[in-house]
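One structure below.
2 protein chains.
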Amino acid sequence: MASRTLRSFRQFILGLLSQQPMSGYDIKRFLKSLDWLVGSSSFGSIYPALHALLANGLVTVDVVYHQDRPPRKIYSITEAGRQVLKEWINQPVASSGSMRAFLMRLMLASNFSQDGLIAHLKQRRSQVEVQHATLEQIARAQDEMTDLGQRLALEYGLAVAMAELAWLDRTLERLSKQPLPMEVAHGNGITPTV
Amino acid sequence: MASRTLRSFRQFILGLLSQQPMSGYDIKRFLKSLDWLVGSSSFGSIYPALHALLANGLVTVDVVYHQDRPPRKIYSITEAGRQVLKEWINQPVASSGSMRAFLMRLMLASNFSQDGLIAHLKQRRSQVEVQHATLEQIARAQDEMTDLGQRLALEYGLAVAMAELAWLDRTLERLSKQPLPMEVAHGNGITPTV
DNA sequence: CGTATCATGTAACTAGTTACATGATTCA
DNA sequence: TGAATCATGTAACTAGTTACATGATACG
Numbered sequence: 046m047a048s049r050t051l052r053s054f055r056q057f058i059l060g061l062l063s064q065q066p067m068s069g070y071d072i073k074r075f076l077k078s079l080d081w082l083v084g085s086s087s088f089g090s091i092y093p094a095l096h097a098l099l100a101n102g103l104v105t106v107d108v109v110y111h112q113d114r115p116p117r118k119i120y121s122i123t124e125a126g127r128q129v130l131k132e133w134i135n136q137p138v139a140s141s142g143s144m145r146a147f148l149m150r151l152m153l154a155s156n157f158s159q160d161g162l163i164a165h166l167k168q169r170r171s172q173v174e175v176q177h178a179t180l181e182q183i184a185r186a187q188d189e190m191t192d193l194g195q196r197l198a199l200e201y202g203l204a205v206a207m208a209e210l211a212w213l214d215r216t217l218e219r220l221s222k223q224p225l226p227m228e229v230a231h232g233n234g235i236t237p238t239v
Numbered sequence: 046m047a048s049r050t051l052r053s054f055r056q057f058i059l060g061l062l063s064q065q066p067m068s069g070y071d072i073k074r075f076l077k078s079l080d081w082l083v084g085s086s087s088f089g090s091i092y093p094a095l096h097a098l099l100a101n102g103l104v105t106v107d108v109v110y111h112q113d114r115p116p117r118k119i120y121s122i123t124e125a126g127r128q129v130l131k132e133w134i135n136q137p138v139a140s141s142g143s144m145r146a147f148l149m150r151l152m153l154a155s156n157f158s159q160d161g162l163i164a165h166l167k168q169r170r171s172q173v174e175v176q177h178a179t180l181e182q183i184a185r186a187q188d189e190m191t192d193l194g195q196r197l198a199l200e201y202g203l204a205v206a207m208a209e210l211a212w213l214d215r216t217l218e219r220l221s222k223q224p225l226p227m228e229v230a231h232g233n234g235i236t237p238t239v
């Protein structure tokens, strides 16, 4: 029984492997370049995650030897892995919805159906809208009395929320006009140097 | 020896208590309202954190009884607590700098010196600028070849980064013109209903 | 010759979540 | 009567970090 203890980070790694076979080192490099977007992580979490995915039969390994460099373990997703990934993607996202969680899923868009992708963006839109309204309400309720830092943080949140809403609206419109270039262009720019 | 094992979350709670004495339940409520900004947390982390702060002498408790409701434990910061908080605030922030970590500190602005606050905003500015440049570089390098999701995530990050930069510039200018209304207006809007 | 990059991994620890346990009061 | 809100807490677990260990090659 494929333990359903896989949580978001493991699943995200699985998602990356669905786009391209990679080694733990590749994943680290890739994640580091997107640090700001989805957050980096240490080898101490990547390797164990990979071992767990392997133990559950969601990925396979190929050891590739080189003359000049240490051997590399290239992980590839299996059919079972794609299945689990698809199930994960189809599950609704937690209502709080951090930007990080949203972006992690968004990056795996090729595993969404067209409608699924649009639904994901719409869901984000409504979440951000709620948060925006909440922040404005807090801001209105407190006005002068609030601590300077709280006021600044509130303004900051409002500015970011508005930017997100604007982007989401633009993008949703763009996507609804074109039939979506959904032919999955594999490759994430990190050449695996096999 | 006041163990220096206190990490950001504990310190943030300490910071909240520096603005106003609160109970664990108050903190939960307050954090929940700012879920989107700094993230919520469970009682399972709040109460133990409070106990740890108490054990280290950074806060004190007062039990307040009510006729109609359960008794509440109101925590207040001590002088030692303010000291630790000040030291934390004066420490430089990690270079990666998530928005969450930034906002947590920003919310505690009343514990900064004027210059400290401006320095904090400037540091964020330069971090976001670097990230923005990095994302643009990735976007340029990959152009067509990248997966749809990756492209969307990149765009999203760029939009948010630009919004942050704009806000930071506006705010830094605003702050440099006025001598700052730095008389600390205590109170965070959550009436403690003592 | 020392440092950086490539490459994999483990062990000890920290932090946090979820689920449980308790119990009073208010509202439908 | 049953659910919701107020209010505190603990125990078991999960996830993640930091620090360590290993070892090759390349570059200055």
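Just so you know, the protein sequences line up as chains A and B, in that order.
For the first sequence, the numbering used here begins at 46 and goes up steadily by one.
For the second sequence, the numbering used here begins at 46 and goes up steadily by one.
Beta carbons are placed, not taken as given, at the ideal position from N, Cα and C, and that holds for glycine.
Runs of beta strand (DSSP E) with 3 or more residues, each lying fully within the stretch 109–190 of chain B, are found at 117–122, listed in chain order. Counting only residues of its own chain and dropping the five nearest sequence neighbours on each side, Q172/B has a CB closer than 6 Å to the CB of G142. M67/A is bridged by DSSP to Y120/A.
Taking a C-beta cut-off of 9 Å against chain B, the contacting residues of the stretch 142–157 of chain A are G142, S143, M144, R145, F147, L148, M149, R150, L151, M152, L153, A154, S155, N156 and F157, listed in chain order. Contact note: A204/A reaches chain B through A208, E209, A211 and W212, using a C-beta cutoff of 8 Å and chain order. Three or more Cβ pairs closer than 8 Å define a contact, and the stretch 172–185 of chain B meets that threshold against the stretch 202–210 of chain B.
Remark: C-beta atoms of L59/A and G126/A approach each other more closely than 7 Å. In summary, R74/B is exposed, with fewer than 16 beta-carbon neighbours lying within 10 Å of its beta-carbon over all protein chains present. Membership of D214/B in the alpha helix (DSSP H) is indicated by the continuous run L193 to K222. By the neighbour-count definition (other C-beta atoms within 10 Å, threshold 16), E132/A is an exposed residue. A residue is called buried once 16 or more other Cβ atoms fall within 10 Å of its Cβ, and F57/A is buried on that count. For Y201/B, the residues of chain A that pass the 9 Å Cβ criterion are L82, M144, F147, L148, L151, E209, W212, L213 and T216, in the order they occur in the chain. Taking CB atoms only, L95/A has no neighbour in chain B less than 7 Å away.
In the DSSP annotation of this structure, L79/B is not part of any alpha helix (DSSP H), being labelled neither H nor E. Scanning E124/B, T191/B and I183/B for the CA closest to the CA of L153/A turns up T191/B. Contact between the stretch 212–222 of chain B and the stretch 155–166 of chain B is established, with three or more Cβ pairs separated by less than 8 Å. Taking I134/B as reference, the option from F157/B, I122/B, K222/B and P116/B with the minimal CA-CA separation is F157/B. Residue-level contact check: G126/A does not touch chain B, since none of the beta carbons of chain B fall below 7 Å from its beta carbon.
When 7 Å is used as the limit between beta carbons, G194/B is near these residues of chain A: L151, M152, L153, A154 and S155, in chain order. Closer than 8 Å at the C-beta level to chain A, one finds these residues of the stretch 165–184 of chain B: Q176, T179, L180 and I183. Any Cβ of chain B closer than 7 Å to the Cβ of L220/A would place that residue at the interface, and such an atom is absent. Minimum Cα-Cα distance from I122/B among the listed residues M67/B, A211/B and R150/B corresponds to M67/B.
At a Cβ-Cβ threshold of 7 Å, G84/B and R150/B do not count as neighbours. Going by beta carbons, L95/B and Y70/B fall outside the 7 Å limit. With contacts defined by Cβ atoms closer than 7 Å, R117/A and V129/A do not form a contacting pair.
The residues I58, L61 and I91, in chain order, have a CB closer than 7 Å to that of I72/B in the same chain once the five nearest residues on each side in sequence are set aside. Between A100/A and chain B, the shortest Cβ-Cβ separation is not below 7 Å. Beyond the five residues adjoining it in sequence on each side, F147/A comes within less than 6 Å, by CB distance, of R169 in the same chain, given in chain order. Per DSSP, the unbroken alpha helix (DSSP H) holding L95/A starts and ends at F88 to A100. Pairing L197/A with A198/B gives a Cβ-Cβ distance that is not under 7 Å. The alpha-carbon separation between H111/A and R52/B amounts to approximately 43 Å.
When the beta-carbon positions are compared, G194/B and S155/A come within less than 7 Å of each other.
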